[in-house]
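Quick notes on the structure that follows.
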Amino acid sequence: MSEEILINVTPRETRVAVIENGMLQELHIERGWRRGVVGNIYKGRVQRVMPGMQAAFVEVGLERAAFLHANDVIRPVPTDVSDAASDVVVTQPNASIVELLRDGQDVVVQVVKDPIGSKGARLTTQVSIPSRYMVLLPQSAVVGVSARIEDEDERARLKQLVSELSAQHGGHGYIVRTNAEGQPAEAIAEDMAYLARVWNVVARRGREAEPRSIIYEDLSLPQRAIRDLIRRDVDKVKVDSAETFAQLQAFVAKYMPPLAEKLELYTGDRPIFDMFGVEDEIGRALDKQVPLKSGGYLVIDQTEAMTTIDVNTGSFVGQRNLEETVFRTNLEAAQAVARQLRLRNLGGIIIIDFIDMLDPEHRRQVLRTLEKALTRDHAKTTVYDFSPLGLVEMTRKRTVESLERQLSEPCPECGGRGSIKTTETVTYEIFREITRAVRQFEAARLLVIASPKVVARITEEESVAVAELEEFLGKSIQFQADEQYLQEQFDVVLL
1 MSEEILINVT
11 PRETRVAVIE
21 NGMLQELHIE
31 RGWRRGVVGN
41 IYKGRVQRVM
51 PGMQAAFVEV
61 GLERAAFLHA
71 NDVIRPVPTD
81 VSDAASDVVV
91 TQPNASIVEL
101 LRDGQDVVVQ
111 VVKDPIGSKG
121 ARLTTQVSIP
131 SRYMVLLPQS
141 AVVGVSARIE
151 DEDERARLKQ
161 LVSELSAQHG
171 GHGYIVRTNA
181 EGQPAEAIAE
191 DMAYLARVWN
201 VVARRGREAE
211 PRSIIYEDLS
221 LPQRAIRDLI
231 RRDVDKVKVD
241 SAETFAQLQA
251 FVAKYMPPLA
261 EKLELYTGDR
271 PIFDMFGVED
281 EIGRALDKQV
291 PLKSGGYLVI
301 DQTEAMTTID
311 VNTGSFVGQR
321 NLEETVFRTN
331 LEAAQAVARQ
341 LRLRNLGGII
351 IIDFIDMLDP
361 EHRRQVLRTL
371 EKALTRDHAK
381 TTVYDFSPLG
391 LVEMTRKRTV
401 ESLERQLSEP
411 CPECGGRGSI
421 KTTETVTYEI
431 FREITRAVRQ
441 FEAARLLVIA
451 SPKVVARITE
461 EESVAVAELE
471 EFLGKSIQFQ
481 ADEQYLQEQF
491 DVVLL
């Protein structure tokens with residue numbers, strides 16, 4: 001598999017695209033005025049403890065207070081009553097929030113989910129700090145290995161190596177990342193030493209900093225892309241900014257020298273995203289309908305509660321029989337769904353309505369295809385079997401806004417409904433409002449201001465109805481078109 005990472009930098013926006021076999025698979029965006037805060041560590045102050053919600057709102061210096069649930073709060077518990085010095089830090093899922101926090105208390109917290117919509121950021125007190133090969137868990141002593149490292153001998157080697165090295169750096173816990181597979185002990189040791197230095201700074205700032213201040217900020221988007229997205233099959237990382245390229249060269253030279261040869265400064269005449277067709281893919285990623293090569297298509301609807309994906313055969317008629325046509329469409333759709341989830345960064349609950357299949361083996365193969373296609377997804381996914389209604393339910397971890405919510409806003413005309421009232425509906429609303437206004441207030445005549453389409457309909461197709469209404473009310477009614485009015489907007493003015 002061929003894979004490239006493209007980094008496009010402009011003064012107020014940075015975008016990172018992951019290209020696999022010539023197709024855009026992921027897009028990450030960071031804007032100067034709205035940089036994500038996931039991974040940042042703050043010294044917060046508890047604003048209010050909410051016993052009924054088993055949670056607390058914590059001020060960390062963001063626009064809105066952040067949310068901290070009791071299950072995400074940890075506290076020291078002695079392993080031996082006679083030896084309080086041997087404390088370990090554990091979560092207490094059954095503890096009441098009032099036992100864990102109090103109003104006005106200072107607490108070190110980390111953001112695990114960006115503010116989304118009207119909701120504030122989601123917090124945890126269980127801090128984790130990522131690096132190239134590991135994630136440091138300073139309040140734990142557990143060593144875990146990524147499930148994507150499948151070789152049992154390699155898993156055992158890494159776990160033993162990290163456990164031994166951990167004893168030399170405070171006995172902290174670590175999660176060994178996929179990138180660590182095959183790395184020598186020296187590289188792992190350097191990574192752990194770097195994490196130890198970072199944690200010492202964070203711990204000191206946590207003690208000394210003022211409440212509502214940041215004490216650790218995650219790397220910039222280009223540096224995070226280098227740290228998190230580069231895998232063995234990544235051929236090149238192309239950057240279109242000389243300044244960012246120089247920064248990444250210094251970053252790579254310091255933390256991951258073997259990757260230096262993968263960095264490349266893009267100097268082409270055409271914009272880098274145009275050259276690789278990324279801009280067109282971004283435009284298509286905002287459409288509800290996704291065409292399939294077979295002639296079928298997906299319809300993707302994102303709502304506040306969940307995302308639904310409907311699979312349709314469209315113009316695909318197949319060559320054998322209906323069941324075979326449906327099976328082939330669903331197989332293609334399963335791969336397309338996995339790509340769209342990554343590309344659009346859709347998270348939370350996802351319901352996929354595949355076309356009904358009678359053969360249980362076909363269902364099994366479609367589900368297996370979906371699961372296999374999701375293995376390259378960086379976000380955690382959980383897929384469940386077909387429900388009695390033939391639906392596939394799954395979840396995908398959401399930490400930032402979806403691509404649509406980052407790049408779009410609700411339509412001012414329909415308010416995000418996806419449809420607007422017809423001119424006929426608005427016309428009869430106007431007639432009712434005229435009647436209501438005349439009964440409530442005294443006026444010699446009335447002026448109705450509305451959109452040109454609505455006024456055209458009233459004066460042309462509803463002229464007889466207007467004459468009847470004037471006679472019924474005993475009032476003169478005038479209509480004025482205004483280009484500034486949306487189709488559903490109107491005003492009835494008493495003169």
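Per the UniProt record's numbering, the very first residue in the sequence shown carries number 1; after that it's consecutive.
Yeah, the Cβ is synthetic: ideal placement off N, Cα and C, and Gly gets one too.
- Residue pairing of Ala481 in beta bridges, as defined by DSSP: Ala450.
- Residue burial annotation: Met53 is exposed, with fewer than 16 other C-beta atoms found within 10 angstroms of its C-beta.
- Close CB contacts of Pro452 within its chain, under the 6 angstroms cut and outside five residues either way in sequence, are with Ala481 (chain order).
- For the pair Ser166 and His172, the CB atoms are nearer than the 8 angstroms cut-off.
- Beta-bridge pairing by DSSP links Lys397 to no other residue.
- The stretch 17-29 and the stretch 338-355 touch, with no fewer than 3 CB-CB distances between them shorter than 8 angstroms.
- Distances from the CA of Arg405 to each of Ile449, Gln302 and Val438 were compared; the closest alpha carbon is that of Gln302.
- Less than 8 angstroms divides the Cβ of Ile230 from the Cβ of Lys262.
- The DSSP-derived three-state label of Asp218 is coil.
- In the DSSP assignment, Gly173 is bridged to Leu137.
- Per the C-alpha coordinates, the member of Gln440, Ala203, Val493 and Val98 positioned closest to Pro51 is Val98.
- Take Tyr216, set aside five residues on each side of it, and the residues of its chain with a beta-carbon closer than 6 angstroms to its own are Ile41 and Val202, in chain order.
- Of the candidates Pro360, Gln365, Val252 and Val383, the residue whose Cα lies closest to the Cα of Gly348 is Val383.
- Per the C-alpha coordinates, the member of Ala305, Glu279, Val438 and Ile430 positioned closest to Ala450 is Ile430.
- Pairing Pro130 with Val143, the inter-Cα distance amounts to about 14 angstroms.
- With contact defined as three or more Cβ pairs closer than 8 angstroms, the stretch 321-332 and the stretch 373-391 are not in contact.
- Contact between the stretch 385-392 and the stretch 346-360 is established, with three or more Cβ pairs separated by less than 8 angstroms.
- Assignment of alpha helix (DSSP H) within the stretch 406-435, counting only whole runs of 4 or more residues, yields no such run.
- In the three-state reduction of the DSSP assignment, Glu404 falls in the helix class, which pools H, G and I.
- Assignment of Gln47 by DSSP, reduced to helix, strand and coil, places it in the strand class.
- Counting the other CB atoms within 10 Å of its CB gives Lys380 a total below 16, which places it among the exposed residues.
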